[in-house]
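What follows is a set of notes on a single structure, which appears directly below.
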Amino acid sequence: MLERLPSGEGELLPDGRQMNILSSFMTSDGIFCREYETHRDRVMRISIACREFWDWNRRFSITVISEGELLLPGSGSMQNLDDYLTQSNLGQRLTPEREAESLEAFAD
173 MLERLPSGEG ELLPDGRQMN ILSSFMTSDG IFCREYETHR DRVMRISIAC
223 REFWDWNRRF SITVISEGEL LLPGSGSMQN LDDYLTQSNL GQRLTPEREA
273 ESLEAFAD
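For the record, in the sequence shown the residue sitting at position 43 is 215 according to the working numbering, with numbers rising by one throughout.
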């Protein structure tokens, strides 16, 4: 799914979790990365994975638990995610056009 769904779309995983693609990045080294969330019931995991050597490598992940409008940390916090996005070499989020070009490369 990481290699074909555009940002803003999601799909049900075989284990019953919902996966939603949040955004895409291209590192300064030219590595394609995706920010995505998986959730079931109140538990949500937000992850960043990058495509390296024909496989996806998860570089960052936090788990949060929803309590109504609140997101409570399960492991890490939203601040950890913001810090990772700021300090990593992910660069800016890709435009929809640039993301489509990157995804198209996986279809070939």
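Even for Gly, the Cβ is constructed at its ideal location relative to N, Cα and C.
*Would you identify the three-state DSSP class for glutamine 264, choosing helix, strand or coil?*
coil
*Run through DSSP, which three-state label would aspartate 187 get?*
coil
*Kindly identify the DSSP beta-bridge partner or partners of glutamate 209.*
Asn192 and Ile218
*Three or more C-beta pairs closer than 8 Å, one from the region 175-185 and one from the region 240-259: is that the case here?*
no
*For the alpha helix (DSSP H) containing threonine 235, list its first residue and its last residue.*
That residue, threonine 235, is in no alpha helix (DSSP H); its beta strand (DSSP E) goes 227-239.
*Tell me, please, which residues DSSP counts as bridged to serine 179.*
DSSP, once it has assigned bridges, lists no residue as partnering serine 179.
*Would you please state the rounded distance, in angstroms, between the beta carbons of leucine 275 and phenylalanine 197? I believe it to be under 8 Å.*
Not a contact, Cβ separation roughly 13 Å.
*Taking tyrosine 208 as the reference, which of Thr235, Pro186, Trp226 and Glu269 has the closest Cα?*
Thr235
_On the DSSP bridge list, what partners appear for leucine 243?_
Ser238
*In whole angstroms, what separates the C-alpha of alanine 277 from that of arginine 270?*
11 Å
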